[in-house]
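Contents: one structure, followed by commentary.
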Amino acid sequence: MSAFLPNANISGATAALLVSTDGPFNLTAASSAGHGSSQSLPPLCTLCCCGVINRTLAVAFMVSLAFAIVVGNVVTLTVFVQTRQSRTPQGYLKVSLAIADMIVGVVVVPFSVYTEISLMVTSAPPIWYQSSTTAPPAASSSSWQPCMLIGPVFAGCTFVSISTIFLMTLERSVAILWPLHKDALVTRKRTLFLILLSWTSSFLLALAPLIFSSNFTLEYNVCSRMCNYTPLLFSGQLPPDANILLLFPAFDFTLLGGTLAVNIVSFTSIRRYTRKRKLLSEGSLSDGGGGGCSHRPSFSDIKAAKTIGILTFAFTASFSPIAVFVLGNVVGYTWCNFSFFAFWILTGNSCCNVIIYSVRDHRFRKGVTLLFQREQSLPHGEKT
1 MSAFLPNANI SGATAALLVS TDGPFNLTAA SSAGHGSSQS LPPLCTLCCC GVINRTLAVA
61 FMVSLAFAIV VGNVVTLTVF VQTRQSRTPQ GYLKVSLAIA DMIVGVVVVP FSVYTEISLM
121 VTSAPPIWYQ SSTTAPPAAS SSSWQPCMLI GPVFAGCTFV SISTIFLMTL ERSVAILWPL
181 HKDALVTRKR TLFLILLSWT SSFLLALAPL IFSSNFTLEY NVCSRMCNYT PLLFSGQLPP
241 DANILLLFPA FDFTLLGGTL AVNIVSFTSI RRYTRKRKLL SEGSLSDGGG GGCSHRPSFS
301 DIKAAKTIGI LTFAFTASFS PIAVFVLGNV VGYTWCNFSF FAFWILTGNS CCNVIIYSVR
361 DHRFRKGVTL LFQREQSLPH GEKT
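Oh and the sequence shown: position 97 is 97 in the working numbering, straight run, nothing missing.
See the structure below:
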């Protein structure tokens, strides 16, 4: 999720020098404006943002992450599409989650790579680089730039991920609590409708700050290395509706809380069922014709519920730093290093799902094995 980075602590003279300097634009310059140099020190220059080596390492990290996200989710999509057993409501939800993750690797991360390389090789920053600090609000809001697309895409895909995990949790809870009614309650048509609703509502929420307020723009931030929502400053003050961005963590934590509550109910039922099954095996409890339990979730349903619980934990852990960062910005704190790690930890979550599937889901592992065996046997088949 893209948050905002208020730039109230950036002086107008320093910001103007970053753009109007006649010398080459150099974020690693150690000189300051007070020394009259043609190169200026960035106002928020820290260890993560300055130095040729640090920037090169950051670009290498971004490229590696984009490659891992794209390859991992392409494999995930291929397995779910080509495996007939995966064409279930749960499989459709996993496909939706993989598409959202892959968009991050195809669109969001490569744009940051492009911008970072441009900053290192060109003599001037791009027009989307913290433009609101160097241009009047009217100019910033009227001129379209790539961050106006990249920022909402990242935020929207993040909302799709958490809403999809919530839907996966609901689907597994139905399979565990009401296994006899699962096919009637969780149908393909309802699942596809909920997926469409998830994508639509997620991207509408991502655009909410731009739709309901004219006091926001998006710009590439020197700290987070991403396109962030930024409130336009009026006489150095934040606009009165700057708190609208708190809708983002509120939405995510509401769904995460709901997901946690559903998981607790499901795991309580699983624990009760497991305990009764153990007592039955020991002969301490009579069957009573019902097996000691009014419903018997299958082993695959129980394992799938645990896998989704791990997905929920991984997303919560990756999203929490962003939530802390947003709340800190609202009260006036600016954490440059922390913003970089917070945003990229969340981005790295896009390649975690395929790892979790590989460890937990034997059907997924089997599908990957069959996929690569098919690719290896194809040249032999063509020769014969």
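For glycine and all other residues, C-beta sits at the position ideal for the given N, C-alpha and C. Values in this document were obtained by computation on a predicted structure and should not be read as measured data.
Of the listed residues Asp101, Gly367, Val174, Val106, nearest to isoleucine 270 (C-alpha basis): Counting from 1 along the sequence shown, the entry for residue 270 is found at position 270. Answer by Cα proximity: Val174.
Beta-carbon proximity check, serine 118 vs methionine 226, cutoff 8 Å: Taking the first residue of the sequence shown as 1, we reach residue 118 at position 118. Taking the first residue of the sequence shown as 1, we reach residue 226 at position 226. No.
Proline 231 - partner residues in DSSP beta bridges: Residue numbering aside, residue 231 sits at position 231 when the sequence shown is read from its first letter. Beta-bridge pairing links proline 231 to Phe216.
Cβ contact check for the segment 49 to 67 and the segment 94 to 101: 3 or more pairs under 8 Å: no
With 16 other Cβ atoms within 10 Å as the buried cut-off, status of isoleucine 195: Counting from one through the sequence shown, the residue named residue 195 turns up at place 195. The residue in question, isoleucine 195, is buried, as its Cβ has 16 or more Cβ neighbours within 10 Å.
Chain-order list of residues whose beta-carbon lies under 7 Å from that of phenylalanine 166 (same chain, five-residue window excluded): One-based indexing of the sequence shown puts residue 166 at position 166. If we look at phenylalanine 166 and ignore the five residues flanking it on each side, its Cβ neighbours are Leu255, Gly258, Thr259.
Alpha-carbon spacing of arginine 172 relative to lysine 306, whole angstroms: Looking up residue 172 in the sequence shown gives position 172. Looking up residue 306 in the sequence shown gives position 306. The alpha-carbon atoms of arginine 172 and lysine 306 are separated by roughly 10 Å.
Glutamine 145 in three-state terms, based on DSSP: In the sequence shown, the residue the question calls residue 145 occupies position 145. Correct three-state label for glutamine 145: coil.
Which listed residue (Leu238, Leu197, Trp199) has its alpha carbon closest to that of serine 214: Here the question's residue 214 lines up with position 214 in the sequence shown. The shortest C-alpha to C-alpha distance from serine 214 to any of Leu238, Leu197, Trp199 is the one to Leu238.
Residue-chain proximity (valine 354, chain D), Cβ-Cβ < 8 Å: Chain labels in this structure do not include chain D; a single protein chain is all it has.
Extent of the continuous alpha helix (DSSP H) run through cysteine 352: Stepping through the sequence shown from its first residue, residue 352 is reached at position 352. That run of the alpha helix (DSSP H) goes 352 to 360.
Buried versus exposed call for leucine 170 [16 or more other C-beta atoms within 10 Å across all chains shown]: Working through the sequence shown from its first residue, we reach residue 170 at position 170. So leucine 170 counts as buried.
Top-ranked residue by Cα proximity to tryptophan 128, from Tyr229, Leu370, Ala58, Leu311: Residue 128 sits at position 128 when you count from the first residue of the sequence shown. Closest option to tryptophan 128, Cα to Cα, is Tyr229.
Assigned exposure category for asparagine 243 - 16 Cβ within 10 Å defines buried: In the sequence shown, counting from the first residue as 1, residue 243 sits at position 243. With fewer than 16 other Cβ atoms within 10 Å, it is exposed.
Beta-carbon proximity of phenylalanine 325 to asparagine 349, cut-off 8 Å: By 1-based counting over the sequence shown, the position of residue 325 is 325. By 1-based counting over the sequence shown, the position of residue 349 is 349. Going by C-beta atoms, phenylalanine 325 is not nearer than 8 Å to asparagine 349.
For valine 108 and glutamate 382, the rounded distance between their alpha carbons: Here residue 382 refers to the residue found at position 382 when the sequence shown is read from its first residue. Here residue 108 refers to the residue found at position 108 when the sequence shown is read from its first residue. With a pLDDT of 49 at glutamate 382, under the threshold of 50, the predicted position of this residue should be treated as unreliable, and no value is reported.
8 Å contact criterion, which leucine 371 and threonine 78 should meet: CB distance rounded: Looking up residue 371 in the sequence shown gives position 371. Looking up residue 78 in the sequence shown gives position 78. Their Cβ separation, rounded to whole angstroms, is 6 Å, which keeps leucine 371 and threonine 78 in contact under 8 Å.
Buried or exposed (CB count within 10 angstroms, at least 16 for buried), leucine 233: Reading the sequence shown from its first residue, position 233 is the one you call residue 233. Classification for leucine 233: buried.
Contact belief for methionine 168 with glutamine 90 at Cβ below 8 Å, rounded distance in angstroms: Walking along the sequence shown from the start, residue 168 turns up at place 168. Walking along the sequence shown from the start, residue 90 turns up at place 90. Their Cβ separation, rounded to whole angstroms, is 7 Å, which keeps methionine 168 and glutamine 90 in contact under 8 Å.
Serine 198 to threonine 334 span [Cα, whole Å]: Start at 1 with the first residue of the sequence shown, and residue 198 comes out as number 198. Start at 1 with the first residue of the sequence shown, and residue 334 comes out as number 334. Using only the alpha carbons, I get a separation of about 32 Å.
Minimum C-alpha distance to phenylalanine 340 - residue among Tyr220, Arg84, Ile211, Gly72: Looking up residue 340 in the sequence shown gives position 340. With distances taken between Cα atoms, phenylalanine 340 lies closest to Tyr220.
Cβ-Cβ distance between serine 96 and valine 160 below 8 Å: On the sequence shown, residue 96 is found 96 positions in, with the first residue counted as 1. On the sequence shown, residue 160 is found 160 positions in, with the first residue counted as 1. The answer is yes: Cβ separation under 8 Å.
Residue nearest to valine 63 in terms of C-alpha spacing, selected from Phe203, Leu207, Glu116: Position 63 of the sequence shown, counting from 1, holds the residue named residue 63. Checked all of Phe203, Leu207, Glu116; the closest Cα to valine 63 is Glu116.
Buried/exposed call for isoleucine 322, threshold 16 Cβ in 10 Å: Walking along the sequence shown from the start, residue 322 turns up at place 322. Counting Cβ neighbours within 10 Å, isoleucine 322 comes out buried, since at least 16 surround it.
Length of the line joining the Cα atoms of leucine 57 and proline 110: One-based indexing of the sequence shown puts residue 57 at position 57. One-based indexing of the sequence shown puts residue 110 at position 110. Cα to Cα, the separation comes out at about 15 Å.
Close beta carbons around threonine 191, own chain, < 6 Å, minus the five adjacent residues each side: If you number the sequence shown from 1, residue 191 lands on position 191. Excluding residues within five positions, the ones whose Cβ falls inside 6 Å are Pro89, Tyr92.
Under 8 Å between C-beta atoms of phenylalanine 248 and alanine 155: Translated into positions along the sequence shown, residue 248 becomes position 248. Translated into positions along the sequence shown, residue 155 becomes position 155. In this structure, alanine 155 lies closer than 8 Å to phenylalanine 248 by Cβ.
Sub-8 Å separation of isoleucine 69 and glycine 105 beta-carbons: In the sequence shown, residue 69 corresponds to position 69, counting from 1. In the sequence shown, residue 105 corresponds to position 105, counting from 1. Yes.
Sequence-distant residues of the same chain with beta carbon closer than 8 Å to valine 368, five excluded per side: Sequence index remark: in the sequence shown, residue 368 carries index 368 (1-based). Val75, Val79, Ser358.
Contact set for glycine 72: own chain, Cβ-Cβ below 6 Å, skip 5 residues either direction: Residue 72 sits at position 72 when you count from the first residue of the sequence shown. Around glycine 72: Cys351, Val354.
C-beta atoms of alanine 206 and proline 152 nearer than 8 Å: By 1-based counting over the sequence shown, the position of residue 206 is 206. By 1-based counting over the sequence shown, the position of residue 152 is 152. A contact, by the Cβ cut-off of 8 Å.
Cut-off 8 Å between Cβ atoms - residues of its own chain near arginine 360, not counting five sequence neighbours on either side: The residue given as residue 360 occupies position 360 in the sequence shown. The answer, listed in chain order, is Lys303, Lys306, Thr307, Ile310.
Length of the line joining the Cα atoms of isoleucine 345 and serine 318: One-based indexing of the sequence shown puts residue 345 at position 345. One-based indexing of the sequence shown puts residue 318 at position 318. Rounded to whole angstroms, isoleucine 345 to serine 318 spans 6 Å at the Cα level.
Nearest to aspartate 241 (by Cα), restricted to the options Val121, Ile211, Thr274, Phe343: Translated into positions along the sequence shown, residue 241 becomes position 241. Comparing Cα positions, the closest option is Ile211.
Reduced DSSP secondary structure (H/G/I, E/B, other) of leucine 371: One-based indexing of the sequence shown puts residue 371 at position 371. Here leucine 371 sits in helix by DSSP.
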